[in-house]
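Please read the structure below before turning to the comments.
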Amino acid sequence: GACITGYHHRVEIIARNTLEFNQYISSCKQVTQVYSAHSSSSYANFCKIRQSEQSMPGVVSVVFDKPLSHYYDRLMLPKGPSLGNSFTLAMAYFYVAHWDVLKKDGGRQELLKLGLNPDLLRISIGMEPIDEIVGVFENLFNGSSY
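What the sequence shown shows, in our numbering, is residues 12 to 157, in sequence order.
Have a look at this one:
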């Protein structure tokens, strides 16, 4: 069968970046919730299926201390779903996946009652140097822009 050239190397870099990004973003006072395979609620189940101790899926989701709209447009990352990209992307997941619910009266409250926060931001970590990825969030939180 066909294989993706450099895939193993890509996965290793993304896993390492994701672990470092998790450590960084979990310490940010502007972030109230972090969801990843390494979150306390997920880690035991993740350990049952991971292929190695270095495994780490490149997706991290966060909820900020303010509505997503406060940060989203100022976040200097490409926006959209990640379908195997090698660069970091941010996606306002619920606005893509559950727009039909969000646009109706009471839809936001409906999602919140189910434990689903519409202000969740999904971040697909890429292969850039981790300092660049962290720097984007440092600039966001410190009010700087490029």
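All C-beta atoms in this analysis are idealised placements derived from N, C-alpha and C, irrespective of residue type, glycine included.
Whether residue i touches residue j by CB criterion (9 Å)
{"i": "V71", "j": "I134", "result": "yes"}
{"i": "V147", "j": "L86", "result": "yes"}
{"i": "H49", "j": "N33", "result": "yes"}
{"i": "M2", "j": "L132", "result": "Absent from the model: residue 2. The displayed extent of the chain is 12 to 157, so no value can be given."}
{"i": "Q65", "j": "E23", "result": "yes"}
{"i": "P129", "j": "F105", "result": "yes"}
Residues near residue i by beta carbon distance below 8 Å, same chain, minus five either side
{"i": "S53", "result": "Y46 and S47"}
{"i": "H19", "result": "none"}
{"i": "V42", "result": "I36, V73, V74, F75 and D76"}
{"i": "D142", "result": "none"}
{"i": "Y157", "result": "Confidence in Y157 is poor, its pLDDT being 47 and thus under 50, which makes the residue's placement too unreliable to answer from."}
Cβ separation of residue i and residue j, assumed to be a contact under 8 Å, to the nearest whole Å
{"i": "Y82", "j": "L151", "result": "6 Å"}
{"i": "G69", "j": "A26", "result": "7 Å"}
Residues near residue i in its chain [Cβ-Cβ closer than 7 Å; skip 5 each side]
{"i": "V112", "result": "G118, E121 and L122"}
{"i": "R21", "result": "S97 and M138"}
Own chain residues within Cβ distance below 6 Å of residue i, not counting five before or after
{"i": "L100", "result": "P89, G91, S93 and S135"}
{"i": "K137", "result": "Note that residue 137 is Gly in the sequence shown, not Lys. Within the same chain, G137 has close Cβ partners S97, F98 and T99."}
{"i": "Q44", "result": "V74"}
{"i": "I15", "result": "none"}
{"i": "V145", "result": "Y35"}
Ranges of the beta strand (DSSP E) found wholly within the region 54–81, counting only runs of at least 3: 70–75
Entirely within the region 70–145 and at least 4 residues each: give me those alpha helix (DSSP H) ranges in chain order. 79–83, 104–108, 110–113 and 118–124
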